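A short worksheet on the structure shown next.
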Amino acid sequence: MHVIGEETSERLDVIPAQFRAVVTHRPKYACRACEQAIMQAPAPERLIKGGLPTEAMVASVLVAKYAWHLPLYRQSQMLAAQGLDVTRSVLAFWVGYAAAELEPLYLRLRELILGSGQIAVDETKAPVLDPGRGRVKHGYFWAIARDDRPWGGTDPPAIAFTYAPGRGAVHALKLLDGYRGVVQCDGYSAYKKLAAEAPGEAVTLAFCWSHLRRRFYDHVKSGNAPIASEALERIAALYAIEKTIRGASAEERRSVRQERSKPLVTAIKSWLERQLARVSSKATIAEDLRYGLNYWDGLTRFLDDGRIELDTNIVERGIRPLVLNRKNALFAGHDEGAGNWGCGASLIETCKLNDVDPQA
0 MHVIGEETSE RLDVIPAQFR AVVTHRPKYA CRACEQAIMQ APAPERLIKG GLPTEAMVAS
60 VLVAKYAWHL PLYRQSQMLA AQGLDVTRSV LAFWVGYAAA ELEPLYLRLR ELILGSGQIA
120 VDETKAPVLD PGRGRVKHGY FWAIARDDRP WGGTDPPAIA FTYAPGRGAV HALKLLDGYR
180 GVVQCDGYSA YKKLAAEAPG EAVTLAFCWS HLRRRFYDHV KSGNAPIASE ALERIAALYA
240 IEKTIRGASA EERRSVRQER SKPLVTAIKS WLERQLARVS SKATIAEDLR YGLNYWDGLT
300 RFLDDGRIEL DTNIVERGIR PLVLNRKNAL FAGHDEGAGN WGCGASLIET CKLNDVDPQA
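Encoded structure:
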């Protein structure tokens with residue numbers, strides 16, 4: 000029989016992760032004449048002197064932990080299923096070594112972000128084991144991020160997390176010491192102190208419309224709330240305009256905002272004042288209306304600067320993976336481990352923002 004044609008089909012297959020032993024042979028050479036000069040090629044450098052893992056193995060552990068949210072005890076179980084006895088404590092030791100090696104890169108990343116003219120800042124809890132007291136204490140990850148893509152900036156997006164044992168203003172002041180530019184944030188008082196202590200008007204605060212929107216959304220979610228529903232509609236109109244100018248230049252964004260967004264913003268302020276006069280001063284909705292009016296200057300700053308976004312979503316999206324890690328791993332083993340967590344998460348989340356394979 001002869002071929003008269005063919006049909007082809009494809010199926011998706013998988014080759015499970017394979018582990019291998021890399022053996023390095025280094026012969027020793029001696030001179031037959033003198034029998035004194037012995038030569039041997041130097042041993043190749045290792046991340047961990049005399050340690051078992053290759054750099055690719057350590058990278059795999061880091062990416063599994065910080066990118067795909069697999070805590071070390073689960074990774075240890077997965078290795079055991081392949082016949083490899085690597086305990087969680089050993090994996091933690093590898094992570095610590097890797098963080099020490101990567102620290103200069105992490106510090107440079109943070110330095111580059113703080114050199115930007117506009118950044119977003121937020122913080123989230125970092126549970127840390129407190130062995131002396133037999134319980135978990137709460138430190139915080141302070142996140143700083145930049146994303147110039149919405150206004151056509153050329154600097155690549157980036158995010159960095161810094162661990163601190165608390166949430167006090169002292170930690171914000173230390174993190175942003177010497178920063179000059181626009182800080183996009185929520186209404187936390189620590190950022191107000193930062194702006195107040197900066198010389199002149201070196202630090203400008205721009206507040207987040209998403210935080211204001213969230214307050215009204217909670218009312219709507221709970222039931223019939225006509226004031227909150229109208230607030231959401233008015234804020235949605237601002238976001239609709241932003242959608243049409245995403246990626247345009249900063250000057251073009253500013254021009255459109257002055258023409259189209261500014262009248263809406265002026266109307267929102269008048270509406271907030273009218274509604275506040277109508278409701279009881281002790282009602283929860285009154286508190287939310289006052290929040291918008293109290294932070295009005297920072298909320299409207301985006302009208303005069305095309306680089307400023309309406310919200311801090313760039314940094315909030317970056318924090319979500321930390322929350323998943325926190326849920327799966329429960330806590331960091333100690334303060335140094337939390338610092339390693341911040342280092343690894345910073346580099347990996349920045350990889351994701353730039354479509355770079357973190358394993359590579």
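Number 246 in numbering that gives the first Met the number 0 belongs to position 247 of the sequence shown; there are no gaps in the numbering.
By construction, the Cβ of each residue, glycine as well, lies at the ideal position given by its N, Cα and C atoms.
Since the structure is predicted, the reported quantities are computational estimates derived from the model, not experimental observations.
Within-8 angstroms CB hit, residue i to chain C
i: residue 213; result: The structure shown contains no chain C, having only a single protein chain.
Close Cβ partners of residue i (< 8 angstroms) along its chain, the five nearest in sequence each way excluded
i: residue 100; result: 46
i: residue 190; result: 120, 171, 182, 184 and 204
i: residue 285; result: 275, 278 and 279
i: residue 188; result: 168
i: residue 295; result: 268
i: residue 115; result: 145, 147, 154 and 180
i: residue 243; result: 255
i: residue 345; result: 105, 108, 109, 158, 159 and 160
Close-in-space but distant-in-sequence residues of the same chain around residue i (CB under 7 angstroms, 5 per side omitted)
i: residue 219; result: 227, 228 and 231
i: residue 224; result: 218
i: residue 60; result: 74, 90, 93 and 94
i: residue 98; result: 339, 342 and 343
i: residue 52; result: 93
i: residue 215; result: 227, 230, 231 and 287
i: residue 178; result: 113 and 202
i: residue 21; result: 53
i: residue 238; result: 309
i: residue 151; result: 246, 247 and 248
The alpha helix (DSSP H) enclosing residue i, as first and last residue numbers
i: residue 249; result: 249 to 255
i: residue 94; result: 87 to 113
i: residue 214; result: 208 to 221
i: residue 239; result: 225 to 244
Whole-angstrom C-beta distance between residue j and residue i, which should lie under 8 angstroms
i: residue 120; j: residue 143; result: 5 angstroms
i: residue 66; j: residue 347; result: 5 angstroms
i: residue 94; j: residue 327; result: About 15 angstroms separates the two Cβ atoms, so there is no contact after all.
i: residue 263; j: residue 292; result: Rounded, the Cβ-Cβ distance is 16 angstroms, inconsistent with contact.
i: residue 28; j: residue 37; result: 7 angstroms
i: residue 361; j: residue 309; result: There is simply no residue 361 to check, as the chain begins at 0 and stops at 359 in what is shown.
i: residue 146; j: residue 156; result: 4 angstroms
i: residue 325; j: residue 126; result: 6 angstroms
i: residue 68; j: residue 323; result: 5 angstroms
i: residue 138; j: residue 282; result: At roughly 36 angstroms, the Cβ-Cβ gap does not stay under 8 angstroms, so residue 138 and residue 282 are not in contact.
i: residue 111; j: residue 87; result: No, residue 111 and residue 87 are not in contact; Cβ-Cβ is about 34 angstroms, not under 8 angstroms.
i: residue 305; j: residue 251; result: 7 angstroms
i: residue 18; j: residue 106; result: About 32 angstroms separates the two Cβ atoms, so there is no contact after all.
i: residue 307; j: residue 300; result: 6 angstroms
i: residue 58; j: residue 257; result: No, residue 58 and residue 257 are not in contact; Cβ-Cβ is about 48 angstroms, not under 8 angstroms.
Three-state class that DSSP yields for residue i in the structure shown
i: residue 67; result: coil
i: residue 122; result: strand
i: residue 80; result: helix
i: residue 165; result: coil
i: residue 55; result: helix
i: residue 199; result: coil
i: residue 271; result: helix
i: residue 158; result: strand
i: residue 13; result: coil
i: residue 344; result: helix
i: residue 205; result: strand
i: residue 358; result: coil
i: residue 127; result: strand
Segment limits, beta strand (DSSP E) that includes residue i
i: residue 2; result: Note, residue 2: premise wrong, no beta strand (DSSP E); not H, not E.
i: residue 134; result: 134 to 145
i: residue 39; result: 37 to 39
i: residue 48; result: Segment: none, residue 48 is in no beta strand (DSSP E) and carries neither H nor E.
i: residue 29; result: 27 to 29
Contacting residues, own chain, Cβ-Cβ under 6 angstroms from residue i (five flanking each side not counted)
i: residue 109; result: 159
i: residue 183; result: 119, 205 and 311
i: residue 136; result: 127 and 129
i: residue 331; result: 127, 337 and 340
i: residue 39; result: 25 and 27
i: residue 78; result: 85
i: residue 362; result: Because the chain spans 0 through 359 in this model, residue 362 falls outside it and cannot be assessed.
i: residue 297; result: 204, 205 and 206
i: residue 392; result: Because the chain here runs from 0 to 359, residue 392 falls outside it and cannot be looked at.
i: residue 62; result: 357 and 358
Heavy atom of the ligand NAD within 7 angstroms of residue i beta-carbon
i: residue 42; result: By its list of ligands, the structure shown contains no ligand whatsoever, and the ligand NAD lies outside what it can speak to.
Contiguous beta strand (DSSP E) assignments of at least 3 residues, all confined to the region 167 to 193: Within the region 167 to 193, the complete beta strand (DSSP E) runs of at least 3 residues are 180 to 184.
Alpha helix (DSSP H) segments (min. 4 residues) lying fully within the region 273 to 336: Entirely contained in the region 273 to 336, the alpha helix (DSSP H) runs reaching 4 residues are, in chain order, 283 to 293, 295 to 298 and 312 to 328.
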